[in-house]
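Each protein sequence line maps, in turn, to chains Y and D.
If you're matching positions, the first sequence starts at 1 in our numbering and goes up one per residue.
If you're matching positions, the second sequence starts at 1001 in our numbering and goes up one per residue.
Think of the CB as a built atom: it goes at the ideal place given N, C-alpha and C, for glycine as much as any other residue.
Accompanying notes for the structure given below.
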Amino acid sequence: MHPTVEIDGTIGRLVLNGQFDFNAHRDFRQACEEVLAAEAVREVHVDFQNVSYLDSSALGMLLLLKEKVAAASKTLALVNCRDSVRQVLEIACFGKIFTIR
Amino acid sequence: MKILIVDDTEVIRLLVSRFVEAMGHIPVTANNGAEAVEAFRKDMPDVVLLDMLMPVMDGPQAARLIKRQAGERWIPIIFVTAIGEENRLADAIEQGADDYIIKPINLRILEAKIKAIERTVLLNRKVREQSVKLAEYYDHAEEEKRVARHLMDQLVNAERLSDPQIEYWISPAESLSGDLIAAARTPGQVLHLLLADGIGHGLTAALNVLPLTQPFYTMTEKGFTLKDILAEMNDKIRQVLPRGRFVATALLAIDNINRQIEVWNGGIPDVFLLGKEGHLIKSWRSRNLPLGILPTRDLEMVTEHHFFEGDETLMVCSDGLIEARRVDGEQFGSQRVLASVESSPPTGRMQGLVDALGRFLDGLSHHDDVSVVMVSLAAGQSRSLSLDCESVYAGDSDLELADALLAEHSFIWRQQLSLGAEELRRVNSVPYIMGLVDQICTVPEVQSDIFLILTELFVNAVDHGLLKLSSTLKHDAEGMESYLQEREQRLANLQEGRIDIELMGLRVQEKDVFRLRVRDSGEGFDWIRYSPPRNVEIARPAHGRGILLVRALCPIVEYSGLGNEVIAYYVPKTHLLVDQAAAGGSK
């Protein structure tokens, strides 16, 4: 997975692709740091459009991102979740603590 | 480097020795092939300079023996050869020599070759050291895994999973499973079942689920409720695991006496209730975040309740089963799980599921830990029914015993416990009462009976005496939910009231007898009108089975005063309990 970061005004978009699992750990962390370093960004969108699969380690990484985003006083949303991704997020009830669009 | 110089001409030996010494290496010499092999064994040189033609043993033969002796260690051999020996040289190189130099030796070329070999030797040495280190790491990791696996096995305790009601299957993605299945019974014989799934798989995932085992087993055995256990497990996870780590958890209580299931699902795929024919009756989807994410005070510990008939099967599985992917990326999915279970015979459902997954994956291995547990509600049923039917007190001898009991006023020991509104509101009192029982009696069957009786009398005193709840609410499943909600609310607002519990040990007709008295500060009820006749029929209403059981276990249960006090005499019938266990197990 090589996530890309797109900054559009106050929105920082973190576009993921392929399988989002433990192997994506390093790439994901780097991309997170990049998007959080951009001062203009108020809202971080994690884009799942091209993600085919995510596992529980990915959920753990999202939890860590949530904390970092909150510490930087920004907001976070998970966007473009396909069915397979949505199913995993739903089983974990992540809708209770994440904005999912 | 240590360099072995083998030549039958002394001048050459001397010349080359001086030269390599000047280069900073250590020379060792030998006169012929046989001496060379001996010197190699003794001095362990790093490089061998070997003359081709020598008396006793020639170069190529010595080279073969040296290479054999070196084994896996790489020992470069350089042949020193005269012009005209090319054919034998080619053979020698084929058999393992590494380089050659032409006689008469050009020292400039020899120097270059030794330097080149030195670079390779150093590199080779480094690779060897690393591979030894790697092998050590590997052994170390294997040993750690072995210990971890043993630890997991001990903590998971397969013995307790051998409960006749339970069938389970765990298939780890690596050598160690990060899924945990645990089962234990409360003193009141309620079966608690835990399926936990840590992040990832392998050792780290296994470490994530370990903190759950201790609160699960110890609190279940003390009679704590699912809520209490969940709170403790959440505390434990937050205490010991790093941030970003959580454990998806399904916790269930199966109460065969009241034919009730209680479910809490946080992050585990749907829990299924299957009918006799294997068809889906009900499912409980995950309504909660996995444990470890929220602080315990923010945790929603609302459990769901369901009354069951007695011929159903409960099934819980980890997401590794649902999300197992075959080569085209398609997931196994809940529908295939349900279909394979429905098409299997009742006793072969687990095997049917395992086979169906195997066919689906077609030789591919699943990427996450897979675990499935099935609980046959019928298997627990026979046991509780036999308890109802076989141990009902009747007949003349029992009436005689009853009279003797009522006539006995001296006790051997007495324990008392009083709980005020504050304690009732804040703590789950039953485990504390159980602490009393623990000190009095150590026979598990007797403890279990006393726990059942005390819980029933205590809960009745709280619910109806202090909280003034009407049990008619409990007639159906929906009523049960609202009853429990109402109970929670009223209990939280309880300002006054108290419950006194008294345990006494008597000795009547050479039998040990327990006298249990529970008194509440409520208004009581018209117990004369509501008391069922002695020969009560064992019907099966949704509620009130608990009190029937109390009547089955105790020759005397009587209300007194305003109906806010109840006294039960319990006479342990260990022979009966042993028979029952045998009967329950064989069905």
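- The beta-carbon separation of leucine 1484/D and histidine 1305/D, rounded to 7 angstroms, stays under the 8 angstroms limit for a contact.
- With respect to the C-alpha of valine 1048/D, the residue from Glu1038/D, Pro1172/D and Phe1272/D having the closest C-alpha is Glu1038/D.
- Listed in chain order, the beta strand (DSSP E) runs fully inside the segment 1401-1458 of chain D are 1413-1420, counting runs of at least 3 residues.
- Between aspartate 1319/D and isoleucine 100/Y, the C-beta gap is not smaller than 8 angstroms, which leaves the two residues out of contact.
- Along the segment 1283-1297 of chain D, going in chain order, the ones with a CB nearer than 9 angstroms to a CB of chain Y are Arg1285, Ser1286, Arg1287, Asn1288, Leu1289, Pro1290, Ile1293 and Leu1294.
- Between threonine 1225/D and valine 1263/D, the CB-CB gap reaches or exceeds 8 angstroms.
- 8 angstroms or more divides the Cβ of serine 1334/D from the Cβ of alanine 1356/D.
- For glutamine 1331/D and leucine 1210/D, the gap between their C-alpha atoms comes out near 29 angstroms.
- Within the segment 73-96 of chain Y, Ser84, Val88, Glu90, Ile91, Ala92, Cys93, Phe94 and Lys96 place their CB atoms closer than 8 angstroms to a CB of chain D, listed in sequence order.
- In the structure shown, cysteine 1317/D adopts extended strand secondary structure according to DSSP, grouped into three states.
- When the alpha-carbon of leucine 1299/D is set against those of Met1350/D, Asp1228/D and Arg1551/D, the nearest one is in Asp1228/D.
- Asparagine 23/Y sits in a helix when the DSSP states are folded into three classes.
- Identification of residues in the segment 1199-1226 of chain D having a C-beta nearer than 7 angstroms to some C-beta of chain Y yields Ile1199 and Gly1200, given in sequence order.
- Where phenylalanine 94/Y is concerned, there is no enclosing beta strand (DSSP E), because DSSP gives it neither an H nor an E.
- The Cβ atoms of histidine 1201/D and glycine 1223/D do not sit closer than 8 angstroms to each other.
- Annotation: the continuous beta strand (DSSP E) that includes phenylalanine 1514/D extends over 1511-1520.
- Taking 8 angstroms as the Cβ-Cβ cut-off, the segment 45-64 of chain Y approaches chain D at Ser52, Tyr53, Asp55, Ser56, Ser57, Leu59, Gly60, Met61, Leu63 and Leu64, given in chain order.
- Legend: CB atoms of the segment 13-33 of chain Y lying less than 9 angstroms from CB atoms of chain D belong to residues Asp21 and Phe22.
- In the three-state reduction of the DSSP assignment, arginine 1259/D falls in the coil class.
- Taking the Cα of serine 1344/D as reference, the smallest distance to any Cα among Ser1410/D, Ala1324/D and Glu1277/D is reached at Glu1277/D.
- Arginine 1245/D carries a coil assignment under DSSP once its states are collapsed to helix, strand and coil.
- Counting the other Cβ atoms within 10 Å of the Cβ of leucine 78/Y gives 16 or more, which makes it buried.
- DSSP, read as helix, strand or coil, puts methionine 1001/D in coil.
- In the structure shown, glutamine 1331/D adopts extended strand secondary structure according to DSSP, grouped into three states.
- For the pair alanine 1082/D and arginine 1128/D, the Cα-to-Cα distance works out to about 35 angstroms.
- According to the DSSP assignment, arginine 1507/D belongs to the beta strand (DSSP E) that extends over 1498-1508.
- For alanine 1112/D, the nearest beta carbon of chain Y is not closer than 8 angstroms to its own beta carbon.
- The beta carbons of leucine 16/Y and histidine 45/Y sit no closer together than 8 angstroms.
- Approximately 4 angstroms separates the beta-carbon atoms of serine 1371/D and isoleucine 1170/D; this is inside 8 angstroms, confirming the contact.
- Within the same chain, Gly1178 and Gly1198 come within 8 angstroms of threonine 1204/D by CB-CB distance, once the 5 residues on both sides are set aside.
- Any Cβ of chain Y closer than 8 angstroms to the Cβ of aspartate 1319/D would place that residue at the interface, and such an atom is present.
- With 16 or more other Cβ atoms inside 10 Å of its own Cβ, serine 56/Y counts as buried.
- Note on asparagine 1208/D: 16 or more other CB atoms within 10 angstroms of its CB, so buried under the neighbour-count rule.
- In the structure shown, the three-state DSSP call for proline 1027/D is strand.
- Between leucine 1314/D and isoleucine 1254/D, the C-beta spacing is below 8 angstroms.
- Phenylalanine 1272/D has a beta carbon lying at 8 angstroms or more from every beta carbon in chain Y.
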